[in-house]
Amino acid sequence: MSISLDRVPLVAANSEPLRVLIVTESFLPQVNGVTNSVRRVLEHLAVDGHTVEVVAPTGPSEYAGFPVTRTRGATFWVYKDFRVGLETRRKLRAVMRRFSPDVVHVASPALLGRQAVLVAKELGIPSVAIYQTDLVGFWDKYKAVGGPQAAAMLTRQAHSAADRTLAPSSSALTQLEGLGVQRTGLWPRGVDVELFHPSRVDHDLRAQLAPNGETIVGYVGRLAQEKELHLLAALAHNPAYKVVLVGGGPQEKELRQLLPNATFLGVLQGEELGAAYASLDVFVHTGSHETFCQAVQEALASGVPVVAPRSGGPLDLVADGVTGFFYEPGCRDELGSHVALLHNDPQLRLRMGREARKSVAHKSWGAVNAALVDHYRDVIRSRRPR
Numbered sequence: 001m002s003i004s005l006d007r008v009p010l011v012a013a014n015s016e017p018l019r020v021l022i023v024t025e026s027f028l029p030q031v032n033g034v035t036n037s038v039r040r041v042l043e044h045l046a047v048d049g050h051t052v053e054v055v056a057p058t059g060p061s062e063y064a065g066f067p068v069t070r071t072r073g074a075t076f077w078v079y080k081d082f083r084v085g086l087e088t089r090r091k092l093r094a095v096m097r098r099f100s101p102d103v104v105h106v107a108s109p110a111l112l113g114r115q116a117v118l119v120a121k122e123l124g125i126p127s128v129a130i131y132q133t134d135l136v137g138f139w140d141k142y143k144a145v146g147g148p149q150a151a152a153m154l155t156r157q158a159h160s161a162a163d164r165t166l167a168p169s170s171s172a173l174t175q176l177e178g179l180g181v182q183r184t185g186l187w188p189r190g191v192d193v194e195l196f197h198p199s200r201v202d203h204d205l206r207a208q209l210a211p212n213g214e215t216i217v218g219y220v221g222r223l224a225q226e227k228e229l230h231l232l233a234a235l236a237h238n239p240a241y242k243v244v245l246v247g248g249g250p251q252e253k254e255l256r257q258l259l260p261n262a263t264f265l266g267v268l269q270g271e272e273l274g275a276a277y278a279s280l281d282v283f284v285h286t287g288s289h290e291t292f293c294q295a296v297q298e299a300l301a302s303g304v305p306v307v308a309p310r311s312g313g314p315l316d317l318v319a320d321g322v323t324g325f326f327y328e329p330g331c332r333d334e335l336g337s338h339v340a341l342l343h344n345d346p347q348l349r350l351r352m353g354r355e356a357r358k359s360v361a362h363k364s365w366g367a368v369n370a371a372l373v374d375h376y377r378d379v380i381r382s383r384r385p386r
């Protein structure tokens with residue numbers, strides 16, 4: 001049975017520092033939702049004075065003042081920009097015995113994360129697993145024979161062995177419940193409300209992108225098959241719109257051929273990314289297997305109305321008809337009709353943009369990560385003898 005954040009018995013925050021081992025399937029230089037969440041957690045733990053070590057298949061020697069232990073890895077054949085972690089339990093056991101963590105945080109466990117959760121259980125160390133990637137939906141999009149079934153088994157094994165699994169949305173909690181995963185809680189994501197702000201609009205960029213006053217319709221995220229970006233084809237061929245894609249990935253070459261009239265800005269970070277969001281008229285998300293979708297939340301914080309599929313994480317983020325619109329997953333006609341409505345009614349765009357900003361202005365990373373530390377303390381407490 002899944003339990004939401006307001007029903008998880010969290011302990012009161014205290015100043016006792018913790019030793020936290022973070023095992024992540026994805027880290028720098030990869031730029032994605034998992035990496036960004038791990039970075040935010042590390043920055044929060046550094047400010048609070050905790051002791052941390054990171055275990056990852058990629059990354060610098062340290063981050064936020066904490067050491068990074070590199071594991072073996074291999075290039076993911078489906079997504080060559082992604083390197084999966086491959087490490088023996090023996091190596092992970094040695095790391096845990098040396099570091100002696102109070103809790104093991106496993107970010108989006110797959111192969112490396114599953115091994116880490118099992119070793120932590122063997123050594124009697126409390127663990128918190130973060131469900132962030134819908135592996136079943138990913139493999140289903142790539143039509144790999146037996147892939148979805150293997151992903152379901154891997155997800156079930158990794159998360160069932162953890163003391164607590166935290167999911168970012170109500171939809172993700174339902175997915176976990178369907179897989180038979182118990183001891184779950186809700187842990188959403190924060191957003192940088194200063195970096196992603198309507199005031200960051202770049203009028204020079206807007207003039208460059210849409211010199212004839214076209215409505216700028218943007219997407220931010222990986223350029224990969226599971227994102228279903230073929231749905232943008234009709235928009236990209238409409239002279240009333242200027243379609244802009246921010247990000248990179250294995251499908252970029254194919255998408256440049258499919259969307260010859262679109263503008264590809266590449267991977268942007270920091271203030272450039274904030275300016276790109278704020279300079280859009282409409283944000284469109286196309287992937288239907290998002291456990292949260294941070295890009296949607298960043299667009300809302302930037303004061304941009306969102307058009308997203310009626311599935312997954314966006315269900316918790318978008319207020320249909322207030323901050324944006326939902327369309328049936330995969331339905332390009334309904335997607336197009338919502339974009340047309342926003343194109344034809346600038347006042348509606350402005351009104352939705354204001355409501356979009358208001359809807360996430362309170363969702364700071366500080367509050368979200370403080371709740372995470374409370375989860376750490378709670379699973380530690382539950383393991384101690386009464």
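Just so you know, we're using full-length UniProt numbering here: the sequence shown kicks off at 1 and counts up by one. Quick reminder that beta carbons are idealized off the backbone N, C-alpha and C, glycines included.
C-beta atoms of residue i and residue j nearer than 8 angstroms
i: P314; j: E290; result: yes
i: G303; j: R351; result: no
i: T133; j: V34; result: yes
i: G324; j: E228; result: no
i: A116; j: L92; result: yes
i: F326; j: A308; result: yes
i: H237; j: L258; result: no
i: T215; j: V282; result: yes
i: T71; j: E87; result: yes
i: V284; j: A262; result: no
i: L255; j: P305; result: no
i: G113; j: A172; result: no
i: L186; j: V103; result: no
i: P329; j: R349; result: no
DSSP-derived helix/strand/coil call for residue i
i: Y131; result: coil
i: H375; result: helix
i: K363; result: coil
i: G266; result: strand
i: L123; result: helix
i: G185; result: strand
i: E355; result: helix
i: T51; result: strand
i: P17; result: coil
i: P346; result: helix
i: V38; result: helix
i: L166; result: strand
i: P29; result: coil
i: P148; result: helix
i: A110; result: coil
i: R70; result: strand
i: V339; result: helix
i: V103; result: strand
i: T24; result: strand
i: G59; result: coil
i: G274; result: helix
i: G180; result: coil
i: G330; result: coil
i: G190; result: coil
i: R381; result: helix
Proximal residues to residue i (C-beta, below 7 angstroms), its chain only, five neighbours per side dropped
i: R189; result: S37, P168, F292, Q294, Q297 and V368
i: E62; result: V68
i: G266; result: G248
i: L268; result: V246 and A276
i: F359; result: Residue identity check: residue 359 is Ser in the sequence provided, not Phe. Excluding residues within five positions, the ones whose Cβ falls inside 7 angstroms are L300, A319 and T323.
i: F196; result: G274, Y277, E298, A301 and S302
Beta-carbon contacts of residue i that lie in its chain and below 8 angstroms, excluding the five residues immediately before and after
i: S60; result: The displayed chain sequence assigns Pro, not Ser, to residue 60. L28 and V68.
i: R97; result: L123
i: G180; result: R156 and S160
i: E271; result: L195 and R200
Close-in-space but distant-in-sequence residues of the same chain around residue i (CB under 6 angstroms, 5 per side omitted)
i: A107; result: T24, V34, V38 and I130
i: H44; result: N369
i: R89; result: Q115 and V119
i: S279; result: V201, D202, L205 and R206
i: A64; result: L42, E43 and A46
i: G366; result: none
Rounded distance between the beta-carbons of residue j and residue i, thought under 8 angstroms
i: Y241; j: V220; result: Not really, about 16 angstroms apart at Cβ, beyond 8 angstroms.
i: L21; j: P101; result: 4 angstroms
i: V95; j: V55; result: 6 angstroms
i: S364; j: V193; result: 7 angstroms
i: V379; j: V128; result: 6 angstroms
i: D336; j: A234; result: Here the sequence assigns Gly to residue 336, which means Asp is not the residue at that position. With 8 angstroms as the limit, G336 and A234 qualify as a contact, their Cβ atoms being about 5 angstroms apart.
i: P198; j: R383; result: So it is not a contact: roughly 46 angstroms between Cβ atoms.
Below-8 angstroms beta-carbon distance, residue i vs any chain C residue
i: L111; result: Annotation note: the requested chain C is absent from the structure, which comprises a single protein chain.
Handout entry: beta strand (DSSP E) runs contained entirely in the segment 197-263, provided each spans 3 or more residues
Key = 215-220 and 241-246
Exercise for the section: For the segment 283-319, list the alpha helix (DSSP H) runs that are entirely contained and at least 4 residues long, ordered along the chain. Expected result: 294-301 and 314-317
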